[in-house]
Amino acid sequence: MRQVPKFEGRTGRMEPKIGVDEFMALARRFGFSEAALGRIGAAVSNDDLPPGGPGLQRWMGAVPEAAGDRYAVEAAEFFGVAEAIPVSSGTAALHAALVAVGVGPGDEVIVPAIGFLATSMAVALCGATPVFADIDESLQLDPATLPGLLTTRSRAVIPTHHWGFVADLAPIVEFAQQNGLAVLEDCAQSPGASYRGARVGSVGDLGCFSISAYKLIGGGEGGLITVREGGRLAERALQFVEGGGLWRPDRFGPERYPGELFPGTNYRLSDLESTIARVQLPKLPVIVDRYRRVFGQIMAGLGDYPGLTWQKSNDPTGDIGYQIRFLPATNEQSAAIAAALGEAGIWAGHRGPDSAPDWHTFHQMFPLFGAHADHCRPELCPRAIDYWARMVTLSVDQWYTADDCAAFAATLDAVLRNVCA
Ligand SMILES: Cc1ncc(COP(=O)(O)O)c(C=O)c1O
93 MRQVPKFEGR
103 TGRMEPKIGV
113 DEFMALARRF
123 GFSEAALGRI
133 GAAVSNDDLP
143 PGGPGLQRWM
153 GAVPEAAGDR
163 YAVEAAEFFG
173 VAEAIPVSSG
183 TAALHAALVA
193 VGVGPGDEVI
203 VPAIGFLATS
213 MAVALCGATP
223 VFADIDESLQ
233 LDPATLPGLL
243 TTRSRAVIPT
253 HHWGFVADLA
263 PIVEFAQQNG
273 LAVLEDCAQS
283 PGASYRGARV
293 GSVGDLGCFS
303 ISAYKLIGGG
313 EGGLITVREG
323 GRLAERALQF
333 VEGGGLWRPD
343 RFGPERYPGE
353 LFPGTNYRLS
363 DLESTIARVQ
373 LPKLPVIVDR
383 YRRVFGQIMA
393 GLGDYPGLTW
403 QKSNDPTGDI
413 GYQIRFLPAT
423 NEQSAAIAAA
433 LGEAGIWAGH
443 RGPDSAPDWH
453 TFHQMFPLFG
463 AHADHCRPEL
473 CPRAIDYWAR
483 MVTLSVDQWY
493 TADDCAAFAA
503 TLDAVLRNVC
513 A
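Quick note: the sequence shown uses the numbering used here, first residue 93, plus one each step.
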């Protein structure tokens, strides 16, 4: 009989699958400044990174101090909510938030007629029906439409804060509370904005953010769910985000309450994205302030013009203002203004009544047209159709100096005086 030597296990020094070098190489591709890269580098070390690489932040408590968890804590504090859950995209955030409040087949969810396709698609992904609410002159969901849209199947309403402005949350929340609806704020386009002093994402039951490369902060892809009161809504959202995670006191224990256990998916945010988001989050108020200054300085150089309606603000101190939008009296005037501004060096967007299809308006959300085409009929939301065609959009730059703002305002003022005379 041979004596069997005991295998004592690995003696080689283990390195994570994705080490700091690869991590930083990826981070460099996001185009951060050297200072930001330095902070990202300081926030991670080989010891921080889990053996399998970024993305296993919660897994079996293997990396208790991983970036994803730290980001969750910091984001909850930043947005003023009990819990925040990092997820892989804004669409994932919406899907999980809807599941968290119990939206399922046969239910209806009210969404604004102008917004982004992801919001209504997330409703459809739950097997529910998106019901479009018309907009008002704030170009946001018009709270006055809600009573006419309520049915016995209504479960939730999703005010989207569009284009750096905020939806009128107070009447929406009041209506929802009176009628047993959940309020999910879609904050993807207005992170850091506030409504009556509270950051968007902390007013409704849940808030949904995108932190993709196209948003005010973000690197590659990513999202965040904020849960105002935490508790079961947060548990359910997390259960859906990490179906195999079962982040419960007793992971494999029996159901603690009816409906606690249900199949989820994998919408986790990786540690790489979490680290980048952590570095960017504290910059958000600074970015927002820069836009507010620029927006305010440009608007101070403008006046009233016959027939022209400025986008109404639901909270002038809470808006971000990275775009300027207005409604000239006619489509012809809108086209003339956009053309004159273009010639004068300011890009201006105007769609007109025969515009190319676009995913931000309910009547052109083609992926919904199979089962939900009936809800996308233009006649259901006439103001959205009119404003979508007629509005003029200008983008402002957070880096404009006071002189840039004055020059921008002078050009815009001259064009508006000429066309609206
Ligand atoms: C209002 C709104 N909601 C949701 C999303 C979806 O976010 P993501 O692209 O991260 O899935 C977007 C993205 O543009 C958006 O603008």
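Each residue gets a CB set at the ideal place from its N, CA and C atoms; glycine is no exception.
Keep in mind it's a predicted model, so treat the numbers as computed, not measured.
Euclidean distance between Cα positions of residue i and residue j
i, j, result
"VAL162", "ARG370", "The amino acid at residue 162 is misidentified as Val; the sequence shows Arg. Taking the straight line from one Cα to the other gives about 8 Å."
"MET469", "GLN403", "Per the sequence presented here, residue 469 reads as Arg, with Met not at that position. C-alpha separation (whole angstroms): 25 Å."
"ALA268", "VAL258", "18 Å"
"ALA498", "LEU394", "10 Å"
"PRO197", "ALA248", "13 Å"
"VAL201", "HIS254", "18 Å"
"ALA494", "GLY293", "31 Å"
"GLY133", "ARG105", "22 Å"
"SER555", "GLU126", "This structure cannot speak to residue 555, because the chain is shown only from 93 to 513."
"GLY337", "GLY182", "20 Å"
"ASP100", "VAL380", "For the sequence presented, residue 100 should be read as Glu rather than Asp. Roughly 56 Å between the two C-alpha positions."
"ILE368", "ILE390", "32 Å"
"PHE344", "ARG324", "18 Å"
"ARG131", "PHE124", "10 Å"
"VAL136", "PRO239", "51 Å"
Where the beta strand (DSSP E) through residue i begins and ends
i, result
"GLY315", "315 to 319"
"CYS300", "298 to 302"
"THR514", "Outside the shown range of the chain, which is 93 to 513, sits residue 514, and nothing can be said about it."
"GLU277", "274 to 278"
"ALA248", "246 to 249"
Of the residues the options, the one placed nearest residue i, counting alpha carbons only
i, options, result
"ALA167", "GLY123, GLY219, LEU209, ILE309", "ILE309"
"TRP491", "ARG382, GLY413, LEU241, ARG102", "ARG382"
"THR244", "GLY256, GLY272, SER366", "GLY272"
"ALA326", "CYS512, MET116, ARG105, ALA174", "ALA174"
"ALA421", "ALA440, CYS512, CYS473", "CYS512"
"ALA262", "TYR397, GLU100, LEU460, ALA236", "ALA236"
"GLU313", "GLY104, ARG105, PHE122", "PHE122"
"PHE387", "GLY335, SER426, ASP489", "ASP489"
"SER405", "TYR397, SER180, GLN415", "GLN415"
"PHE461", "VAL112, PRO97, LEU209, ARG94", "LEU209"
"GLU334", "ASP342, TYR349, PRO355", "PRO355"
"ASP199", "VAL136, ALA274, ALA164, ALA184", "ALA274"
Proximal residues to residue i (C-beta, below 8 Å), its chain only, five neighbours per side dropped
i, result
"LEU376", "PHE170, PRO283, GLY284, LEU308, ILE309"
"ALA329", "ILE177, ALA188, ALA189, VAL191, ALA192, LEU298, ILE317, VAL319"
"THR503", "LEU433, ALA436, GLY437, ILE438"
"LEU129", "MET116, ALA119, ARG120"
Close-in-space but distant-in-sequence residues of the same chain around residue i (CB under 7 Å, 5 per side omitted)
i, result
"GLY147", "For GLY147, the predicted structure reports a pLDDT of 44, less than 50, and the residue's modelled location is therefore unreliable. A value from the coordinates is still provided. Cβ within range, chain order: ARG360, SER362, ASP363."
"SER447", "ALA481"
"HIS464", "ALA216, THR221, PRO222"
"SER211", "Here the sequence assigns Thr to residue 211, which means Ser is not the residue at that position. Result list for THR211: LEU186, VAL203, ILE250, THR252, ASP278, in chain order."
Range covered by the alpha helix (DSSP H) that runs through residue i
i, result
"ASP496", "494 to 512"
Close Cβ partners of residue i (< 6 Å) along its chain, the five nearest in sequence each way excluded
i, result
"VAL378", "none"
"ILE233", "Going by the sequence as given, residue 233 is Leu instead of Ile. Answer for LEU233: PRO204, ALA225, PRO251, ALA259, listed in chain order."
"GLU347", "LEU353"
| query | What runs of the alpha helix (DSSP H), each 4 residues or longer, lie entirely inside the segment 154 to 236? | reply | With a minimum length of 4 residues, the continuous alpha helix (DSSP H) runs that stay inside the segment 154 to 236 are 159 to 171, 182 to 192, 209 to 217.
| beta strand (DSSP E) runs wholly inside the segment 339 to 423, at least 3 long, in chain order | 415 to 419
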